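Numbering (the working numbering), first residue to last: 1451 to 1900. By construction, the Cβ of each residue, glycine as well, lies at the ideal position given by its N, Cα and C atoms. Remember, it's a predicted structure, so these values are computed and weren't measured experimentally. Data first, discussion second: the structure below is written as structure tokens.
Structure below.
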């Protein structure tokens, strides 16, 4: 398969890959880039004293096709690792960190206005918002925010679609799936299932009562319970123990383990061989050779130095669902893709399918301690036809006989099951992941059939 490429643009840890640009608004200061124009980066002051870092990458595989413009990908990392105060983005006042997904989306929309409104080249290419993990909540809220700004004439860009990988878009439904799934794969017994469901029920009641901070705290208790009763199952791959995770030797087991492990996982998996970093962790890379390359990062800004402010500030929003935003995007005709790794359990695809296949109930069957999914896509008119559609197997690489996944689609909704992948689909199954991105973006440089 030909390399499927686009232009990547990163914001702090978020990466926005962009395929083409002529330059950026003169108000974006400071900015810099490579001599050959293949990269460009800078800051946007999205609010007074709140500075968001961005980074373009121009694809070396770009092809020119006037009938099929080169796509742009805005990559939003999970964690949450995307708002101001993460990565090289920073705030001059700690009170300026965002507290909600909507606030983060507003900042990102301001960033897009600064980058796109004065650049006709970028305006001619479709923008695809692609995210994974908690980044999926940012992606759908940004998609809705950007769509409204476009309709109001405030933002000049083409929104090509939104893609959500292993995304935390319905926390209540996910926590109810943990116990049954882990029991089915023998990581929990009946006692473990009962305890997991009990804590999920508490979370459900706390969400119903609007006690979202309490729900986040109980979510941490549920993580600890599952960890202890499964003999330390890995959060991102139920086929592994936590000790087999590359970050296991780097962090202690503690409450809200998933949040603490996240960026360390990425660093350990990806950057162990980068020259110039004093150790294999991502922080050493970014604060060493990368910061020296960029030259515009303020001396007092340390990559990730304010990251500890973000999750505590968002604790009241962490357990809120974003299903309605997905439904709104679908109803407005925006392409929405959901993809999931097969062996991930903490953001497993089971609840997502239940959300699609459910009948809308008005209550919960608490007597049987069974969660009935009450959310659905009520505005989108394609749900019934989607559910009646067949899945198509996916193949990749030289051996075209081994099934790598499945995809089902109808109109502007696409759902991918990626076999053999955990939470980090591009790491576990890079070939089919690249093929999938080519399909999502309709890249001119791809042999993908989807």
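Asked	Found
Put residue 1553 into one of helix, strand or coil per three-state DSSP.	helix
With distances taken between CB atoms, is the gap from residue 1597 to residue 1614 smaller than 8 Å?	no
Going straight from the alpha carbon of residue 1791 to that of residue 1642, what length do you get?	24 Å
Would you kindly report the start and end of the unbroken beta strand (DSSP E) that includes residue 1691?	1687-1691
Output needed for residue 1488: all residues of its chain with C-beta closer than 8 Å, excluding positions within five of it in sequence on either side, in chain order.	1507, 1508, 1510
Rounded to the nearest angstrom, what separates residue 1775 and residue 1589 at their Cα positions?	10 Å
Among 1551, 1754, 1834, 1625, which has the Cα closest to the Cα of residue 1766?	1551
Residue 1654 by DSSP, collapsed to three states: which one?	helix
Output the distance between the C-alpha atoms of residue 1683 and residue 1605, rounded to the nearest integer angstrom.	45 Å
Nearest to residue 1544 by CA position, among 1762, 1784, 1692, 1584, is which residue?	1762
Less than 8 Å between the beta carbons of residue 1559 and residue 1599, yes or no?	yes
On a Cα-Cα basis, can you pick out the residue from 1571, 1546, 1618, 1484 that is closest to residue 1527?	1618
At a cut of 8 Å, does the stretch 1665-1676 reach the stretch 1616-1636 through at least three beta carbon pairs?	yes
What number of angstroms, rounded off, separates the C-alpha of residue 1816 from the C-alpha of residue 1870?	Any reading at residue 1816 needs caution, since the residue's pLDDT is 33, under 50, leaving its predicted position unreliable; the model's value is listed next. Straight-line Cα distance between these residues: approximately 35 Å.
From residue 1860 to residue 1832, what does the alpha carbon distance come to, in whole angstroms?	7 Å
By DSSP's criteria, residue 1428 is part of a beta bridge. Which residues make up the other side?	Since the first residue shown for the chain is 1451 and the last is 1900, residue 1428 is missing from the structure and cannot be characterised.
Measuring CB to CB, does residue 1882 end up less than 8 Å from residue 1844?	yes
Terminal residues of the continuous alpha helix (DSSP H) containing residue 1677?	1662-1679
Kindly indicate which three-state DSSP category residue 1571 falls into: helix, strand or coil?	helix
Consult DSSP for residue 1697 and reduce its assignment to one of helix, strand or coil.	In this predicted model, residue 1697 has a pLDDT of only 47, less than 50, meaning its place in the structure is not dependable enough to derive any value.
Please state whether DSSP places residue 1737 in a helix, a strand or coil.	helix
Does any heavy atom of the ligand GDP sit closer than 7 Å to the C-beta of residue 1769?	Questions concerning the ligand GDP fall outside what the structure shown contains, since it holds no ligand whatsoever.
Quick check on the DSSP output: the beta strand (DSSP E) that includes residue 1535 runs from which residue to which?	First-last for residue 1535: undefined, no H or E at that position.
Taking residue 1581 as part of the beta strand (DSSP E), name the residues at either end of that continuous run.	1576-1582
Could you give the C-beta distance for residue 1675 and residue 1649, rounded to a whole number, given that I count them as a contact under 8 Å?	6 Å
By how many angstroms is the C-alpha of residue 1784 removed from the C-alpha of residue 1584?	20 Å
Is it a yes or a no for the stretch 1727-1746 touching the stretch 1509-1524, going by three-plus beta-carbon pairs under 8 Å?	no
Using only the alpha-carbon positions, how far apart do residue 1782 and residue 1679 sit?	44 Å
Where does residue 1865 sit, in a helix, a strand or coil, going by DSSP?	strand
On a Cα-Cα basis, can you pick out the residue from 1521, 1851, 1485, 1530 that is closest to residue 1764?	1530
Using the rule of at least 16 other Cβ atoms within 10 Å of the residue's Cβ for burial, across every protein chain shown, is residue 1891 buried or exposed?	buried
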